[in-house]
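J.: What follows is a single structure, and I will ask about it in a moment.
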Amino acid sequence: MLRNSRYLKQAVISKYSAPAGCGSVFSIFQRSLYSTAPDFEIGSNETKINGQVIARDEWTNITPTVLSKVNRKLHLQPQNPISIIRQLIESNFQDFKTYNEFSPVVTTKQNFDDLYIPKDHPSRTKSDNYYFNKDTVLRAHTSAHQLQGLASGAEKFLISGDVYRRDEIDSSHYPVFHQIEGFFYLDNDISKLQADLKRILAKETPNIEVIDDTIIKPENPYQSCHTPEAVDLISAHLKHSINSMIRNLFADEKDLKVRWIDAYFPFTSPSWEVEIWYKGEWLEVLGSGVVNQKIMNQAGLENKIGWAFGMGLERLAMVLFGIPDIRLFWSEDRRFIDQFTPGKINKFVPFSKYPPCIKDISFWLPEDEWHENDFCELVRGVAGDIVETVELIDDFRHPKTSQRSLCYRINYRSMDRNVTNDEINEIQEKVRSVVQDEFNVKLR
Ligand code: DAH
């Protein structure tokens with residue numbers, strides 16, 4: 003749920019090097035329904051977002067579709083399942099300070115450098131992120147605010163917010179989703195660590211089956227500045243806190259199992275991922291670990307040791323509320339939002355779905371590199387939330403010319419109204435012409 007976590011070492015290196023042309027200039031002026039000031043404006047030299055003016059450069063690939071989501075803040079809309087889950091998580095960490103209003107517009111230093119994500123790491127690419135310019139992005143994870151949290155002086159805190167990643171299009175992927183970050187630290191002193199662990203262990207033992215075969219090994223090591231004893235104590239604290247939270251979130255589930263597996267993040271060591279056995283499958287729910295001491299030191303906390311975790315909210319909300327399509331969280335249809343009550347998890351009752359409209363698009367690829375995320379982004383840019391899925395249905399290489407041809411099936415469906423074939427034909431025509439211009443493909 004770190005959603006194909008791109009901060010993992012094993013992250014698949016993008017097959018295609020340079021993202022295809024992102025050069026188009028949208029001149030768009032978007033006014034929110036509720037405010038008099040424009041939320042954002044994309045001009046040819048700069049982007050304005052909530053009063054901030056950011057110069058464009060060759061890195062700019064931000065789109066109006068994604069910028070129009072910045073002020074929705076689903077995690078703060080009391081009836082939205084995303085907010086309900088956030089609050090349930092917060093209620094498990096009662097003495098933690100909460101930060102839910104950090105701006106999603108962050109520097110690349112915050113999103114990557116401060117977290118020791120290497121300069122050449124695949125998670126930094128233009129085809130995976132929304133860049134305002136080479137130094138400014140829409141945050142790709144709430145970890146971007148760890149140092150801000152530390153600077154506030156709080157020793158325990160949670161940060162939630164909307165995060166942005168360019169991605170494929172299907173029922174569980176959307177370019178904006180939500181995460182919650184947890185952070186906790188203590189004096190790096192064995193007796194204090196022991197006392198705190200004892201204090202939380204005395205509170206409750208979560209009634210949950212925990213599978214944890216992880217051991218400290220060279221691939222997932224102690225940091226050399228830490229003693230094994232201190233790391234074992236802070237890790238036990240982390241694992242107990244997470245296991246209890248999961249038990250409480252899935253309160254009605256009898257056969258709940260939690261599995262801890264080794265992972266790698268540049269900002270923690272040792273690191274783990276947590277999976278939950280729920281209704282017959284393992285769900286990947288969070289990433290966590292012992293905080294990279296360099297981050298603590300950067301905040302002037304040399305004598306402290308900490309743990310952190312980061313968790314996506316959409317997938318949890320989808321399974322707990324039985325919500326079949328990630329776009330529903332964004333729906334303004336009362337038949338959706340009126341089903342939910344703050345503080346309560348109840349099953350979503352589907353209302354009649356509007357019929358889909360399916361269109362294929364095929365083209366010969368040019369010599370240049372092809373990047374599917376860029377194609378999906380462009381379709382989303384033209385058609386907006388009306389695209390339900392984009393699926394590659396044919397990939398063919400001509401035996402003689404060795405030219406490659408792709409065919410994508412685009413499924414259009416609105417969550418809140420009926421769409422006409424004429425309307426979709428018009429959108430499809432626009433998609434065809436923009437794809438042709440932007441990617442230099444030959445339409446078939
Ligand atoms: N930021 C990571 C992601 O989005 C998740 C994560 C992993 C957050 C480990 C953490 C952590 O705080 O310690 O994939």
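The opening residue of the sequence shown carries number 3 in the working numbering; numbering runs sequentially from there.
Backbone N, C-alpha and C fix where the C-beta goes; we use that ideal spot for every residue, glycine too.
#1: Could you pull the DSSP bridge partners for Met-247 from this structure?
#2: So for Trp-332, helix, strand or coil by DSSP?
#3: Reducing DSSP to helix, strand and coil, say where Thr-109 ends up.
#4: Note down, in chain order, each residue of its chain lying with its Cβ closer than 6 angstroms to the Cβ of Val-178, except the 5 sequence neighbours on either side.
#5: Keeping to the same chain, check which residues put their C-beta closer than 7 angstroms to that of Ala-321; ignore five residues upstream and five downstream.
#6: Among residues of its own chain, excluding the 5 on either side of Leu-380, which ones have a beta-carbon nearer than 7 angstroms to its beta-carbon?
#7: Relative to the alpha-carbon of Arg-194, which residue among Gly-324, Glu-92 and Val-233 has its alpha-carbon at the smallest distance?
#8: Tell me the DSSP secondary structure of Asp-264 in three-state form.
#9: Does the beta carbon of Leu-288 fall short of 8 angstroms from some heavy atom of ligand 1?
#10: Taking only runs that begin and end inside the region 97-173, name each unbroken alpha helix (DSSP H) of 4 or more residues, in chain order.
#11: Measure how close the beta-carbons of Tyr-176 and Gly-308 come, nearest whole angstrom, since I'm counting them as under 8 angstroms.
#12: Could you tell me the distance, in whole angstroms, from the CA atom of Phe-323 to the CA atom of Arg-168?
#13: Please determine whether the Cβ atom of Arg-317 lies at a distance below 8 angstroms from any heavy atom of ligand 1.
#14: Would you give the residue range spanned by the alpha helix (DSSP H) that Gln-405 belongs to?
#15: Ligand 1 heavy atoms versus the CB of Gln-181: any closer than 8 angstroms?
#16: Within this structure, are the beta carbons of Tyr-118 and Asn-63 separated by less than 9 angstroms?
#17: Which of the three DSSP states is assigned to Ala-22 in this structure?
#18: Taking the alpha carbon of Ile-278 as the reference point, which residue from Ile-202, Lys-259 and Asn-442 has its own alpha carbon closest?
#19: For Ser-7, verify whether its CB is less than 8 angstroms away from any heavy atom of ligand 1.
#20: What is the C-beta distance between Tyr-101 and Ile-171, in whole angstroms, given that I count them as a contact (C-beta under 8 angstroms)?
#21: For a test of the three-state rule: what should DSSP assign to Ala-204, helix, strand or coil?
#22: Rounded to a whole number of angstroms, what is the C-alpha to C-alpha distance between Met-313 and Glu-183?
#23: With respect to 8 angstroms, is the separation between the Cβ of Leu-10 and the closest non-hydrogen atom of ligand 1 below this value?
#24: Would you check whether ligand 1 has a heavy atom nearer than 8 angstroms to the C-beta of Gly-312?
#25: At a cut-off of 8 angstroms, would you count Ala-204 as near ligand 1, judging by its Cβ distance to the nearest heavy atom?
#26: Ile-210: which of Arg-261, Leu-235 and Leu-408 sits nearest, CA to CA?
T.: Quick look at the numbers:
#1: DSSP lists no partner for Met-247.
#2: helix
#3: strand
#4: Lys-71, Asp-164 and Tyr-166
#5: Note that residue 321 is Val in the sequence shown, not Ala. These residues qualify, in order along the chain: Tyr-280 and Leu-285.
#6: Val-436, Val-437 and Glu-440
#7: One detail in the question is off: residue 194 reads as Lys in this sequence, not Arg. Measuring from the Cα of Lys-194, the nearest candidate turns out to be Val-233.
#8: strand
#9: yes
#10: 110-113 and 148-153
#11: Their Cβ separation, rounded to whole angstroms, is 31 angstroms, which puts Tyr-176 and Gly-308 out of contact at 8 angstroms.
#12: 26 angstroms
#13: no
#14: It is not in any alpha helix (DSSP H) - Gln-405 carries neither H nor E in the DSSP assignment.
#15: yes
#16: no
#17: Per-residue confidence for Ala-22 stands at a pLDDT of 30, beneath the threshold of 50, marking its modelled position as unreliable; the derived number appears in the next sentence. Note: Ala-22 maps to coil in three-state DSSP.
#18: Lys-259
#19: yes
#20: Actually they do not touch by this definition, with Cβ atoms about 31 angstroms apart.
#21: helix
#22: 6 angstroms
#23: yes
#24: yes
#25: no
#26: Arg-261
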